[in-house]
Structure formats: C-alpha cells, structure tokens
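The opening position of the sequence shown corresponds to residue 1 in the UniProt record's numbering, with each subsequent residue numbered one higher.
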Amino acid sequence: MPEPIAPGRRPVPSRTPQQRATPSRPETSRPETSRPETTRPAGLDAGIGRIPIMDVSPVVDGGRFPASCVEGETVPVRVNAFREGHDAMGVQVVLTAPDGSEQVRRLESVNPGLDLWETTVRPGSTGHWSFRVEAFSSPYDTWVHTAEVKIPAGIDTALVAAEGVQVLERALAEITEGTRPEADGPRLRAAIGSLRDTSLSPSGRVSPALAADLRGVMHERPLREGVTVAGPYPLVVHRKLALFGSWYECFPRSEGARFDPEQGGWVSGTLATAAESLDRIADMGFDVAYLTPIHPIGTTFRKGRNNTLDPREGDPGSPYAIGSPDGGHDAIHPDLGTMEDFDAFVARAKELGLEVAMDIALQCSPDHPWVTEHPEWFVIRPDGTIAYAENPPKKYQDIYPLSFEADYEGLYTAIRDMLELWVEHGVTLFRVDNPHTKPVRFWQELLEEFDRTHPEVIFLAEAFTRPTMMHTLGKVGFHQSYTYFTWRHSPVELREYLEELAASAHYMRPSFWPTTHDILTPFMTGGGHRAFVLRAILAATLVPTWGIYSGYELVEDVPRPGAQEQIDNEKYEYKPRDSAGALARGESLEPLLRDLNRIRREHPALQSLTSIRFHTADDPQVLVFSKHLEAEETGTGTADTVLVVSLTEHDRDAWTTLHLDPAALGVGEEFEVEDLLTGERFTWNRDPYVILSAADRPAHVLRVIHPEEERDA
Numbered sequence: 001m002p003e004p005i006a007p008g009r010r011p012v013p014s015r016t017p018q019q020r021a022t023p024s025r026p027e028t029s030r031p032e033t034s035r036p037e038t039t040r041p042a043g044l045d046a047g048i049g050r051i052p053i054m055d056v057s058p059v060v061d062g063g064r065f066p067a068s069c070v071e072g073e074t075v076p077v078r079v080n081a082f083r084e085g086h087d088a089m090g091v092q093v094v095l096t097a098p099d100g101s102e103q104v105r106r107l108e109s110v111n112p113g114l115d116l117w118e119t120t121v122r123p124g125s126t127g128h129w130s131f132r133v134e135a136f137s138s139p140y141d142t143w144v145h146t147a148e149v150k151i152p153a154g155i156d157t158a159l160v161a162a163e164g165v166q167v168l169e170r171a172l173a174e175i176t177e178g179t180r181p182e183a184d185g186p187r188l189r190a191a192i193g194s195l196r197d198t199s200l201s202p203s204g205r206v207s208p209a210l211a212a213d214l215r216g217v218m219h220e221r222p223l224r225e226g227v228t229v230a231g232p233y234p235l236v237v238h239r240k241l242a243l244f245g246s247w248y249e250c251f252p253r254s255e256g257a258r259f260d261p262e263q264g265g266w267v268s269g270t271l272a273t274a275a276e277s278l279d280r281i282a283d284m285g286f287d288v289a290y291l292t293p294i295h296p297i298g299t300t301f302r303k304g305r306n307n308t309l310d311p312r313e314g315d316p317g318s319p320y321a322i323g324s325p326d327g328g329h330d331a332i333h334p335d336l337g338t339m340e341d342f343d344a345f346v347a348r349a350k351e352l353g354l355e356v357a358m359d360i361a362l363q364c365s366p367d368h369p370w371v372t373e374h375p376e377w378f379v380i381r382p383d384g385t386i387a388y389a390e391n392p393p394k395k396y397q398d399i400y401p402l403s404f405e406a407d408y409e410g411l412y413t414a415i416r417d418m419l420e421l422w423v424e425h426g427v428t429l430f431r432v433d434n435p436h437t438k439p440v441r442f443w444q445e446l447l448e449e450f451d452r453t454h455p456e457v458i459f460l461a462e463a464f465t466r467p468t469m470m471h472t473l474g475k476v477g478f479h480q481s482y483t484y485f486t487w488r489h490s491p492v493e494l495r496e497y498l499e500e501l502a503a504s505a506h507y508m509r510p511s512f513w514p515t516t517h518d519i520l521t522p523f524m525t526g527g528g529h530r531a532f533v534l535r536a537i538l539a540a541t542l543v544p545t546w547g548i549y550s551g552y553e554l555v556e557d558v559p560r561p562g563a564q565e566q567i568d569n570e571k572y573e574y575k576p577r578d579s580a581g582a583l584a585r586g587e588s589l590e591p592l593l594r595d596l597n598r599i600r601r602e603h604p605a606l607q608s609l610t611s612i613r614f615h616t617a618d619d620p621q622v623l624v625f626s627k628h629l630e631a632e633e634t635g636t637g638t639a640d641t642v643l644v645v646s647l648t649e650h651d652r653d654a655w656t657t658l659h660l661d662p663a664a665l666g667v668g669e670e671f672e673v674e675d676l677l678t679g680e681r682f683t684w685n686r687d688p689y690v691i692l693s694a695a696d697r698p699a700h701v702l703r704v705i706h707p708e709e710e711r712d713a
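Structure below.
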C-alpha cells in the first residue's frame with residue numbers, strides 16, 4: 001500500500017533509469033541517500049535543483065536549437081549559479097564529443113555579487129557535441145575558509161583539524177573507489193598526517209592541507225556534494241570557413257564578355273573565361289569564388305538594362321529570372337558552357353586554394369520547366385494566371401515565386417535533389433537569395449538533412465529583413481548571414497551593432513559586405529575612393545567573414561537615380577572590366593584588398609568575433625576596437641592582439657587622443673605597436689595621440705607587440 005502523503009506536500013515522482021544513472025564524476029564517497037544527486041534531463045523541467053543553475057549560455061531558446069561554433073574556436077560558457085548559506089560551491093562544464101569522450105573544465109566566479117561563473121571550451125573537431133553544467137557544494141573549500149578564519153584567531157583549533165581530516169579522508173577514499181588518481185594520494189596522506197599531529201602548532205597542523213599544491217589538486221578534482229546538473233545542451237561544430245573567410249562575388253557572363261560588331265552585339269563570357277579570373281581572385285587572398293546564378297534565363301517579360309520593361313536586342317536578362325526551354329536550376333546557361341566546363345572551373349579554383357559558392361535563388365521565370373510540369377508549386381490567381389513577384393509598388397514580372405502550400409514534399413524533394421547535384425559537382429557553399437521569403441520550416445528541415453549528409457556544405461543567408469527572421473534563420477541552421485553593416489556608419493552605431501552580433505554569435509555568424517550587386521548606399525556614392533577604402537578596412541577587421549562584389553576594387557560608385565544600386569546594373573547587362581589596366585594605372589584597390597586578406601590570415605585575433613572589445617577616442621567620429629587571443633587560443637604559442645583605430649567619415653580628418661584599456665590588449669601601461677598596413681612602429685600608452693587622414697591614412701590596423709615576441713626575436 002502506498003505511503004500516505006502528508007498534507008501540503010507534493011508526491012515525489014519516481015526517477016527514470018537515466019535520472020538514476022551515476023554521473024561521469026561521482027561527487028563524493030558518501031551514500032546517495034545522504035546527499036541525493038539532482039539531475040535535469042534535456043527537455044524536462046525537473047525543478048530548481050539542489051544548487052540552482054540559471055541562465056546557461058551558449059544555449060539557444062532553452063536548447064530547442066543547437067548552439068554552434070567552429071572547430072578550434074574558443075566558446076565562452078557562462079551561468080548564474082548560487083546556493084543558500086555560506087558554504088563554498090563550485091561549477092564545472094562537461095563537454096562531450098561526438099565519440100562520447102568528455103572534457104571537464106571548472107568555471108570561475110567572475111562576479112560573486114551577481115553569482116556569475118565563466119570559463120571557455122574549445123571543441124577540436126566538427127560534429128555534434130553537447131555540454132552540461134554541474135554545480136556542487138565543495139566541502140574542501142568550505143573547510144579551507146573555516147580554517148583560514150579560525151586558526152589565526154585561535155578558535156576551535158582542534159575541531160578544525162578534525163574536520164579537515166574527515167574531508168580529506170573522503171577524498172582519499174575516492175582513490176580506492178577508482179574515481180581519483182593514485183597520484184593525489186601522497187599529498188592527501190601527508191596533509192592528513194599533519195592534521196593529526198598534535199605536537200605541531202595549530203598553524204603547522206593545517207599548513208599542508210592549505211598548501212597551494214593540494215589546493216590545485218582539489219580544484220582540478222573537487223570533492224563534490226549535492227551535485228545539480230543542467231543540460232545536456234546541443235553544440236554543433238562546423239568547419240572553420242563557416243566563421244572565417246573572404247568572399248569574392250562575380251557574374252561569370254561578364255568575365256570575358258566583349259562587344260563584337262561583326263556579330264552585331266555582345267558576346268557572353270563563359271565559365272572558361274571566368275576561370276581565367278580565378279588567379280587574380282586567389283592572388284588577392286580570397287577564399288571563396290562566389291558565382292551569381294549560372295542557369296538558363298527566361299525570355300518572357302525579360303528585363304532590360306536598369307530593370308526596364310523594354311529589353312534591347314541582345315540584352316541578356318537577369319540571371320535571377322531562372323529557367324527556359326534549356327532547363328532550370330539544374331542546368332547551365334548555354335552561353336556559359338557545359339557541365340564539363342563547370343567541373344573544370346571548380347577544379348581550377350581548387351588548385352588555387354579557392355572554394356566555389358553558388359547563388360541559389362528559389363524562384364522561376366515564366367519559362368522554367370517547373371511552370372508547366374508543376375503548376376501546383378506556384379500561386380494561381382483567380383483569373384487562372386500565375387502570380388509574379390511583387391514588393392509594391394515594385395513588380396518583378398519576369399519572376400514567379402514558389403509556393404510551398406500545395407505540394408510541400410514534392411517541392412522539397414526537387415530543391416534538395418537540385419542542391420545535391422551541385423554538391424556532387426564540387427560546390428561547397430551556397431549563397432541563398434531571399435531565404436526569408438520561404439517557410440522557416442522548410443529551411444530547418446533542409447539544413448538539418450544537409451547537416452547529416454553533407455556537413456561540409458555552408459549556407460549563407462541573404463536576408464536583409466527583420467531581425468527576428470534573420471536570427472531565426474541562424475537558429476535553424478544557416479551558417480552565416482548578411483547584415484546591416486552596409487547601413488551602419490557612426491562609431492555608436494557600429495559598436496552597438498557589433499556587440500549585438502557578438503552576443504548572438506553562438507547561432508548567427510555575420511558576413512560584412514560594403515556593397516553588393518543590389519546595394520550601393522549614399523555613403524559609398526558620396527565618398528568615392530575614400531569611402532571604398534574606409535569601408536573595406538572596417539568590413540575586413542570588424543568580423544571574421546567579409547566579401548566584396550566584383551568592381552569594388554575599381555570604385556564603381558555611380559548610382560541609378562532614385563535607387564540605392566549601381567547605374568547600368570550588372571544584373572541586366574554584361575559588364576566587362578579592365579582590372580589589369582586599372583591596377584597598372586594605380587587606380588585599383590587590389591593592393592589594399594590583398595593586404596587586408598593577408599593580415600586576416602596572419603592574425604588569429606581577426607578570425608574571431610566574440611573577442612572584440614571597444615575603446616574610446618575624444619573625437620566621437622573615430623572608432624577604436626581591439627581583438628585579443630591568448631597564446632593557448634592562437635595555436636602559435638604567442639598571444640595575438642590587433643588594434644584598429646579608424647575614421648568613420650570619408651570627408652574629414654581627425655587629431656585625437658585615444659583611451660585604451662591595457663588589460664583588454666594584454667599589455668602593461670606602455671607597449672609597442674606596428675601598423676600592419678605601413679610597417680611603422682610606435683610606442684604607445686593607454687592614452688596615445690593619433691592623427692588620421694581621410695586621404696592617405698584613414699585607419700591604423702595595428703599589431704600589439706607582446707613582450708614574449710620581443711624576447712623570442
């Protein structure tokens with residue numbers, strides 16, 4: 001017969017085998033009945049626990065979506081944990097690898113008044129990891145505090161020694177149980193022997209038990225009681241290119257395009273002529289060659305130059321109006337070549353150390369094969385016609401948006417199989433056009449499937465839209481996202497935005513583009529060469545991933561009237577460029593882009609986002625920020641710190657005093673810096689005076705020289 005429950009008490013639910021399982025690191029040698037362990041299985045609210053653990057990070061929506069990082073990245077782990085009374089406690093994180101192996105790290109109390117605990121973990125390989133947080137009462141640390149207070153005061157000295165023996169004997173018993181290494185034994189036995197030696201003074205008795213070497217042992221392998229567990233929480237680890245990389249965008253049809261009077265018009269560039277440009281892209285230090293759509297283009301309602309409705313003879317149309325009798329998303333435009341030509345392009349890119357990204361625009365021209373084969377994949381209006389894309393008052397008559405309502409499974413399968421085709425032909429990255437116009441459910445399912453079948457493939461979301469949608473796309477699996485950087489200019493705006501991005505870096509990684517084929521802001525059109533230099537420096541140093549649209553190095557800055565995009569937009573016409581000539585004339589930004597990408601590769605600090613720290617300047621238009629990694633984080637054996645001091649306006653100079661935080665830079669009050677763009681070296685302190693010129697020195701990109709570097713040299 002069940003035991004009756006006293007009035008006012010809730011029944012205690014029986015524990016599942018999973019809940020009863022012994023943790024990987026038993027907390028003490030006491031019987032479980034004396035201090036029961038508390039667990040919180042994933043997805044189940046098992047109450048507050050013996051020692052409350054709150055606000056665990058990085059956790060996305062309570063564990064509904066996995067947090068993410070890249071291999072070798074330093075991931076901050078933060079929690080609020082506390083207990084009643086004055087007894088000491090500890091917190092540790094257990095990081096579990098895909099193969100089940102575990103790493104354990106103690107969290108440190110960084111703000112006792114706010115109960116904030118922190119540490120970092122570094123997953124070393126890609127795959128699906130998890131972590132859990134364990135909080136516990138620490139009897140050894142509690143005893144240490146008691147001894148340090150009572151022994152000098154001469155209070156209960158014999159009792160304090162006896163209590164110390166009890167605590168250390170429990171630790172010694174763990175050696176017998178096999179949960180503590182034998183190497184701890186000599187220190188523990190020596191300390192116990194000293195505590196029992198009544199011939200010694202009180203301070204002499206406790207001295208070995210308080211010694212630094214034993215404290216280190218007990219910190220690394222603590223004696224634990226009342227263990228409370230939060231988690232496990234998922235953590236997916238991607239390859240490094242998901243966080244750090246440099247993208248170069250081009251329209252393949254413009255690479256090698258020419259006007260041929262004998263043929264009466266323009267001749268398209270091909271994948272073969274585009275491959276000839278790969279050497280230049282690689283020489284500038286880019287990692288990714290990103291191709292706008294290469295598929296057949298429809299003729300129905302084809303757009304003419306500058307998005308007009310009256311195309312001229314020979315106008316190629318927008319590559320985003322995908323599909324013709326020559327095929328759809330799984331075909332190559334006949335003007336560009338064949339699948340064999342595409343394979344050769346990918347192979348040449350690989351030889352040069354480049355990866356190929358393809359633009360995926362999930363929309364169709366009226367001539368796409370899907371329109372006749374699967375009309376259910378589109379919205380049919382009451383008059384029987386298919387609805388074209390609109391963003392009133394804008395109309396895109398040459399594009400039919402897809403609808404996932406009538407045949408979700410059929411459309412999902414067709415899109416997945418299309419992407420699989422391009423992966424088979426060597427595409428490792430996809431830039432997805434307007435993903436926010438498709439159901440989030442679709443992206444979650446598709447990206448989860450690709451994570452299982454092709455975890456090396458990276459998806460970049462071109463989602464210039466509401467923050468909630470942008471963040472959710474990151475949560476469901478997009479590796480990177482375009483951002484609002486293009487419209488953020490002042491130091492205040494940039495600082496606020498970067499701090500927001502850093503706070504969400506465990507699920508949404510930003511990609512900074514000063515311009516795109518769709519966007520040319522008034523800042524860029526009004527600033528010319530100076531604006532292009534300035535924004536390239538900021539984009540390349542503020543975040544780990546950045547990109548430029550071809551022609552950026554030539555300072556293409558003339559807008560189409562009434563629009564924030566270029567005149568004679570490449571979306572609607574061929575646009576061959578004389579890159580070599582501009583470089584020879586000294587008119588190209590190629591040298592700057594090459595230097596920026598070299599600096600990014602050479603300095604691990606610039607390959608991180610969460611390490612960014614902001615400093616101040618007396619001039620409110622000067623942006624000052626640093627990125628610092630400790631020696632164990634860089635993989636080079638030495639710390640790495642990059643300090644950037646930059647104008648944010650292209651039409652003014654600055655003479656100003658900076659106010660730096662030496663601790664954030666990992667230096668003392670005086671230190672050496674080297675300008676990575678000019679090679680100049682300076683001796684600075686926490687308040688250096690700088691002069692910036694919009695014409696010839698809009699920014700310092702500085703390497704902080706640490707003392708150990710000088711000693712090694």
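Built from N, CA and C at the ideal position, the CB exists for glycine as well.
Under the three-state DSSP convention, the category Glu649 falls into | coil
Closest by C-alpha distance to residue 716, when choosing among Pro152, Trp129, Leu214 and Ser626 | With the chain covering 1 to 713 only, the question about residue 716 has no answer from this structure.
For Pro435 versus Glu409, is the C-beta distance shorter than 9 Å?
-> no
Contact set for Asp197: own chain, Cβ-Cβ below 7 Å, skip 5 residues either direction | Result list for Asp197: Arg205, in chain order.
Burial state of Ser137, where buried means 16 or more other Cβ atoms lie within 10 Å = buried
Can Arg122 and Glu84 be called in contact, C-beta distance under 9 Å?
-> no
Could you pull the start and end residues of the beta strand (DSSP E) that Pro232 belongs to?
-> Glu225 to His238
Residue ranges of each alpha helix (DSSP H) run of no fewer than 4 residues wholly in the stretch 381-454, ordered along the chain?
-> 408-424 and 440-453
At least 3 beta-carbon pairs within less than 8 Å: the stretch 100-112 vs the stretch 45-58 | no
Three-way DSSP call (helix, strand, coil) for Glu373 in this model | Assigned with DSSP and collapsed to three states, Glu373 falls in helix.
Identify whether Trp487 lies in helix, strand or coil by the three-state DSSP scheme.
-> helix
Would you say Asn391 and Arg560 are within 9 Å of each other, going by their C-beta atoms?
-> In this structure, Asn391 sits away from Arg560, with a CB-CB distance that is not shorter than 9 Å.
Test item: CB-CB of residue 733 and Leu520 under 9 Å = Summary: the structure shown does not reach residue 733, with the chain confined to residues 1 through 713, and so no result is reported for it.
Per DSSP, what kind of secondary structure is Glu456 in: helix, strand or coil?
-> coil
By Cβ distance below 8 Å, which residues in the same chain neighbour Ser201 in space, the five residues on each side in sequence not counted?
-> none
List in chain order: all unbroken alpha helix (DSSP H) runs of 4+ residues lying wholly within the stretch 537-608.
-> 579-584 and 590-602
Return the Cβ separation of Ala274 and Glu255 in integer angstroms, given the expectation that the two are a contact with Cβ distance under 8 Å.
-> 4 Å
Just curious, the beta strand (DSSP E) that Thr119 is in, first and last residue?
-> Leu116 to Val121
Which residue or residues does DSSP assign as beta-bridge partners of Ala289?
-> Tyr248 and Val356
Grouping DSSP H, G and I as helix and E and B as strand, with all else coil, what is Glu500?
-> helix
What are the partner residues of residue 716, as DSSP defines its beta bridges?
-> The shown model of the chain, from 1 to 713, leaves out residue 716, and the question about it has no answer.
Nearest to Tyr320 (by Cα), restricted to the options Val75, Ile360, Thr483 and Ala654 = Ile360
For the stretch 637-655 and the stretch 603-620, state whether three or more C-beta atom pairs, one from each stretch, are separated by less than 8 Å.
-> yes
Between which two residues does the beta strand (DSSP E) carrying Asp675 extend?
-> Glu670 to Asp675
Residues that DSSP places opposite Leu95 in a beta bridge | Per DSSP, Gln103 and Phe131.
Applying the criterion that 16 or more other CB atoms from any shown protein chain within 10 Å of the CB defines a buried residue, is Ser611 buried or exposed?
-> Flag for Ser611 reads buried.
Between the beta-carbon of Ile380 and the beta-carbon of Leu336, is there less than 9 Å?
-> no
Compute the distance between the beta-carbons of Val288 and Leu429, then report whether it is under 9 Å.
-> yes
Close Cβ partners of Glu633 (< 6 Å) along its chain, the five nearest in sequence each way excluded | Thr74
Take the Cβ of Ser693 as the centre, count every other Cβ of all protein chains shown within 10 Å, and call the residue buried at 16 or more, exposed below.
-> Result: exposed.
Around the Cβ of Asp367, are there at least 16 other Cβ atoms within 10 angstroms (buried) or fewer (exposed)?
-> buried
What three-state label does DSSP hand Glu73 in the structure shown?
-> Looking at Glu73 - three-state DSSP - the assignment turns out to be coil, as it is neither helix nor strand.
Beta-carbon separation of Ala389 and Gln363 under 9 Å?
-> yes
Can you find at least 3 beta carbon pairs, one from the stretch 215-232 and one from the stretch 173-192, that sit closer than 8 Å?
-> Yes, they touch.
Simplified DSSP state of Arg703, which is helix, strand or coil = Strand, per DSSP.
Ordered along the chain, which non-local residues of its own chain (more than five positions away) have a Cβ less than 7 Å from that of Glu630?
-> Ala639
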